[in-house]
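Peer 1: In this text, residue positions in the sequence shown follow the working numbering: the first is 1, and each later residue adds one. Note that the Cβ used here is the ideal one computed from N, Cα and C, for glycine as well. Computed from a prediction, not measured in an experiment: that's the story for all the values here. Structure in structure tokens, see below.
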Amino acid sequence: MPEKIPADTRPLAVAARRLELRSLLLLALAFAGIWAFVELADEVIEGETQRIDEVLLRVMRSPADVSDPLGPPWFEEMARDFTALGGTAVLLLLVCATALYLLLLGKRHGALFVLVAVGSGQLLSSLFKWGFDRPRPDLVPHGTFVYTASFPSGHAMMAAITYLTLGALLARMHEPPALKAFFLGTALGLTVLVGISRVYLGVHWPTDVLAGWVAGSAWAIICWLVASWFQRRGTVEDGMEEIEAAHR
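As structure tokens, then:
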């Protein structure tokens, strides 16, 4: 007779299969993001996106005066607040606070993962900007100070990397599906707001922001796949210990 599998091991086998399937799906999404970035960068270099970029940039401006963004002055000020959520200072404070929180929980490797994921993303963004060296939009006045190249949008890319990484971290540490959806949805919403505000303020072409989104999302997924690989080998702490302890 075939050996009977203990009942308590079956849920573990199912969970392992689900983990493998999820990892494959995330890997496919990461490769899709890389492919989309490469294709978009090629179109930008060849100038194929210039017309649609100009049309979309003008859509957010008054037809009578392109120096005037659509909406009242308070709305423009709110857009500056949104764009600050993707700025270096805000993201640095957020990442450092998260790393300190993980250290206080005794998760040294988790804290290191957050710092490495965001820090390497910042380096990658800077290398992209230096390599493509696309000029900033000159159709409309800039609504905020800029000092780097345009492609890809550093704010959009770093917002995607930081907020999606932290959102996934929080989602992993909570069991209810509604909470997981809340954390990931909030991270996605913040990323979108930052990117749209960059176009609204006239400091980026729409394709700059799109490239930042896909590159940042792909990098966040890759970092999480690497972290999951280390977690399964016990190198990086798994954020589920607190959940398991709460149900004992």
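#1: Can you tell me which residues form a DSSP beta bridge with Ser-62?
#2: Please check the pair Thr-83 and Val-209, which I expect to be a contact at CB under 8 Å, by giving their CB distance rounded to whole angstroms.
#3: Looking only at C-alpha atoms, which of His-142, Val-38, Glu-39, Leu-166 sits nearest to Leu-92?
#4: Find the nearest neighbour of Gly-189 within the set His-174, Tyr-163, Pro-177, Thr-207, judged by alpha-carbon distance.
#5: Taking the straight line between their C-alpha atoms, what separation do you get for Arg-134 and Phe-37?
#6: Under 8 Å between C-beta atoms, does Leu-57 make it to chain C?
#7: With DSSP run on the structure shown, which of helix, strand or coil describes Glu-20?
#8: Pull up the CB-CB distance for Leu-57 and Val-226, whole angstroms please, since I reckon it's below 8 Å.
#9: Going by beta-carbon coordinates alone, are Pro-137 and His-204 separated by less than 8 Å?
#10: Are the Cβ atoms of Val-114 and Ala-99 separated by less than 8 Å?
#11: Looking at the structure shown, is Asp-208 part of a helix, part of a strand, or coil, going by DSSP?
#12: Does DSSP put Ser-153 in a helix, a strand or coil?
#13: Less than 8 Å between the C-beta atoms of Gly-110 and Ala-159, yes or no?
#14: Starting from the Cα of Lys-107, find the closest Cα among Ala-187, Leu-169, Arg-61 and give me that residue.
#15: Tell me the DSSP secondary structure of Tyr-147 in three-state form.
#16: Considering just the uninterrupted stretch of the alpha helix (DSSP H) at Asp-81, what are its terminal residues?
#17: CB-CB under 7 Å to Val-90, same chain, minus the five flanking residues each way: which ones, in chain order?
#18: By how many angstroms is the C-alpha of Ala-41 removed from the C-alpha of Ser-228?
#19: Please look up how many angstroms separate the CB atoms of Ile-161 and Val-116, rounded, as I've assumed it's under 8 Å.
#20: What's the gap between the Cα of Gly-202 and the Cα of Leu-139?
#21: Is the CB-CB distance between Ala-218 and Ala-28 below 8 Å?
Peer 2: Quick look at the numbers:
#1: As a working note, residue 62 is residue 62 in the sequence shown. DSSP output for Ser-62 lists Asp-65 as bridge partner(s).
#2: The sequence position of residue 83 within the sequence shown is 83, counting from 1. The sequence position of residue 209 within the sequence shown is 209, counting from 1. That belief does not hold up - the Cβ atoms of Thr-83 and Val-209 are roughly 11 Å apart, past 8 Å.
#3: Residue 92 sits at position 92 when you count from the first residue of the sequence shown. The shortest C-alpha separation from Leu-92 is found at Leu-166.
#4: Position 189 of the sequence shown, counted from the first residue, corresponds to residue 189. Of His-174, Tyr-163, Pro-177, Thr-207, the residue nearest in Cα terms is Tyr-163.
#5: The residue labelled residue 134 in the question sits at position 134 within the sequence shown. The residue labelled residue 37 in the question sits at position 37 within the sequence shown. For Arg-134 and Phe-37, the distance between alpha carbons rounds to 15 Å.
#6: Looking for chain C here will not work: only one protein chain is present.
#7: The residue labelled residue 20 in the question sits at position 20 within the sequence shown. Reduced to three states, the DSSP call for Glu-20 is helix.
#8: Stepping through the sequence shown from its first residue, residue 57 is reached at position 57. Stepping through the sequence shown from its first residue, residue 226 is reached at position 226. Between Val-226 and Leu-57 the Cβ distance is about 37 Å, and since that is not below 8 Å, they are no contact.
#9: As a first step, residue 137 must be located in the sequence shown, where it is residue number 137. As a first step, residue 204 must be located in the sequence shown, where it is residue number 204. A contact, by the Cβ cut-off of 8 Å.
#10: The count along the sequence shown starts at 1 and reaches residue 114 at position 114. The count along the sequence shown starts at 1 and reaches residue 99 at position 99. Cβ atoms of Val-114 and Ala-99: closer than 8 Å.
#11: As a first step, residue 208 must be located in the sequence shown, where it is residue number 208. Asp-208: helix per DSSP, three-state reduction.
#12: By 1-based counting over the sequence shown, the position of residue 153 is 153. Ser-153 falls in the coil class under three-state DSSP.
#13: Position 110 of the sequence shown holds residue 110. Position 159 of the sequence shown holds residue 159. Not a contact, by the Cβ cut-off of 8 Å.
#14: Looking up residue 107 in the sequence shown gives position 107. If we check each option's Cα against that of Lys-107, Leu-169 comes out closest.
#15: By 1-based counting over the sequence shown, the position of residue 147 is 147. In this structure, Tyr-147 counts as coil in the three-state DSSP scheme.
#16: One-based indexing of the sequence shown puts residue 81 at position 81. Run containing Asp-81: 73-84, per the alpha helix (DSSP H) assignment.
#17: What you label residue 90 is simply residue 90 of the sequence shown in a count that begins at 1. Closer than 7 Å at Cβ, skipping near neighbours: Ala-84.
#18: As a working mapping, residue 228 is identified with position 228 in the sequence shown. As a working mapping, residue 41 is identified with position 41 in the sequence shown. About 30 Å.
#19: Position 161 of the sequence shown, counting from 1, holds the residue named residue 161. Position 116 of the sequence shown, counting from 1, holds the residue named residue 116. Wrong, their Cβ atoms sit about 11 Å apart, outside the cutoff.
#20: To locate residue 202, count along the sequence shown from 1; it is residue 202. To locate residue 139, count along the sequence shown from 1; it is residue 139. Each residue's Cα considered, the two are about 8 Å apart.
#21: For this step, residue 218 is matched to residue 218 along the sequence shown. For this step, residue 28 is matched to residue 28 along the sequence shown. Not a contact, by the Cβ cut-off of 8 Å.
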